[in-house]
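*Asks:* Here it is, the structure, as structure tokens.
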Amino acid sequence: SQTIHQWPATLVQPVGSPLSLECTVEGTSNPNLYWYRQAAGRGLQLLFYSVGIGQISSEVPQNLSASRPQDRQFILSSKKLLLSDSGFYLCACRDYNEQFFGPGTRLTVL
Amino acid sequence: QKEVEQDPGPLSVPEGAIVSLNCTYSNSAFQYFMWYRQYSRKGPELLMYTYSSGNKEDGRFTAQVDKSSKYISLFIRDSQPSDSATYLCAMSNMNTGFQKLVFGTGTRLLVSP
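Protein sequence lines, in the order shown, are assigned to chains A and B. For the first sequence, our numbering assigns the number -17 to the initial residue and increments by one for each residue that follows. For the second sequence, our numbering assigns the number 55 to the initial residue and increments by one for each residue that follows.
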């Protein structure tokens, strides 16, 4: 079965600073990968998904970008963080008809 | 109107109670229905997965789907304090060829000893 790693686990960043969150997956090849954001009191919002290396689809216009430089690596980035970027960021991997989530990164923008 | 509606709770029950968690949805194209459990500050964990209508049982957990009413439920029998968590429903339409899940906001469950 697959294992999803995310780091860092927590992050506090000032407004206007850059961001890089990393997700790596073990135990599967050519997975569909996803980035979600979960804000307090809200459901999971799909930000980006990828079906392969270099293939990124954005679900919502925003201050963030994603990249997939390797088959099992998915990166979420920003050039300048906004206060509204605070939240719990989750990476997920699809295995057949199921999605499995990583442990998440809690981002606080001050 | 949101595609998926879920009461945020919290739902407080005593240990041993039967818990009923529910979601309603508006998109009749949804075919796959999932329940996730999320402990505080952790990623969601897949609990149950059902396709189309009907029931599915796994230990103390039973998932029900009523497509005619666009209503899904998760029942927890003999609830335990360790069941205290947020429960998220999720659903998808596989016709797109890509699995995009739509989530409810989650219901927070508190089981007291």
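Cβ atoms here follow ideal geometry from the backbone N, Cα and C, with glycine treated the same way.
Can you tell me whether valine -6 of chain A is buried or exposed? The criterion is at least 16 other CB atoms within 10 Å of its CB, across all chains shown.
*Replies:* So valine -6 of chain A counts as exposed.
*Asks:* To the nearest angstrom, report how far apart serine 59 of chain A and glutamate 69 of chain B are at their CA atoms.
*Replies:* Counting only the Cα atoms, glutamate 69 of chain B lies some 44 Å from serine 59 of chain A.
*Asks:* From B:Asn81, B:Arg95, B:Gln60 and B:Pro62, pick the residue whose C-alpha is nearest to that of glycine 84 of chain A; which is it?
*Replies:* Checking every option, the nearest Cα to that of glycine 84 of chain A belongs to B:Arg95.
*Asks:* How should glycine -2 of chain A be labelled, buried or exposed, when 16 other C-beta atoms within 10 angstroms of its C-beta is the threshold for buried?
*Replies:* exposed
*Asks:* Determine the extent of the beta strand (DSSP E) in which aspartate 112 of chain B is found, giving its start and end residues.
*Replies:* 108 to 112
*Asks:* Have a look at cysteine 149 of chain A and cysteine 5 of chain A and give me their C-alpha separation to the nearest angstrom.
*Replies:* A query on residue 149 of chain A cannot be resolved here, the shown segment of chain A reaching from -17 to 92 and no further.
*Asks:* Could you tell me which of B:Ser66, B:Cys77, B:Leu65 and B:Val67 sits nearest to threonine 159 of chain B, measuring between CA atoms?
*Replies:* B:Cys77
*Asks:* Could you please give me the residues that DSSP links to leucine 1 of chain A through a beta bridge?
*Replies:* A:Ser60.
*Asks:* Run through chain B and tell me which residues come within less than 9 Å of leucine 29 of chain A, C-beta to C-beta.
*Replies:* Near leucine 29 of chain A there are no residues of chain B at all, since even the closest Cβ is about 12 Å away, more than 9 Å.
*Asks:* Among residues of its own chain, excluding the 5 on either side of leucine 128 of chain B, which ones have a beta-carbon nearer than 6 Å to its beta-carbon?
*Replies:* Leu75, Trp89 and Ala117
*Asks:* Could you tell me whether any Cβ in chain B is nearer than 9 Å to the Cβ of phenylalanine 56 of chain A?
*Replies:* By this cut-off, phenylalanine 56 of chain A is not an interface position.
*Asks:* Please state whether the Cβ-Cβ distance between isoleucine 35 of chain A and valine 7 of chain A is less than 9 Å.
*Replies:* no
*Asks:* Taking Cβ positions, are serine 80 of chain B and glutamate 57 of chain B nearer each other than 9 Å?
*Replies:* In terms of Cβ geometry, serine 80 of chain B and glutamate 57 of chain B form a close pair [threshold 9 Å].
*Asks:* To the nearest angstrom, how far is it from the Cα of proline -4 of chain A to the Cα of leucine 63 of chain A?
*Replies:* 7 Å
*Asks:* For the segment 95 to 121 of chain B, enumerate the residues whose C-beta is nearer than 9 Å to any C-beta of chain A, in chain order.
*Replies:* Arg95, Lys96, Gly97, Pro98, Glu99, Leu100, Tyr103 and Tyr105
*Asks:* Which of the three DSSP states, helix, strand or coil, is assigned to serine 136 of chain B?
*Replies:* helix
*Asks:* How about tyrosine 141 of chain B: is its C-beta nearer than 9 Å to some C-beta of chain A?
*Replies:* no
*Asks:* May I have a chain-ordered list of the beta strand (DSSP E) segments no shorter than 3 residues that lie completely inside the segment 61 to 88 of chain A?
*Replies:* List check, beta strand (DSSP E) in window: 69 to 77 and 80 to 83.
*Asks:* How about alanine 71 of chain B: is its C-beta nearer than 9 Å to some C-beta of chain A?
*Replies:* no
*Asks:* Counting C-beta neighbours from all protein chains within 10 Å, is the total for proline 13 of chain A 16 or more, i.e. buried, or is it exposed?
*Replies:* buried
*Asks:* Can you grab the Cα-Cα spacing for the pair lysine 110 of chain B / tyrosine 141 of chain B, in whole Å?
*Replies:* 17 Å
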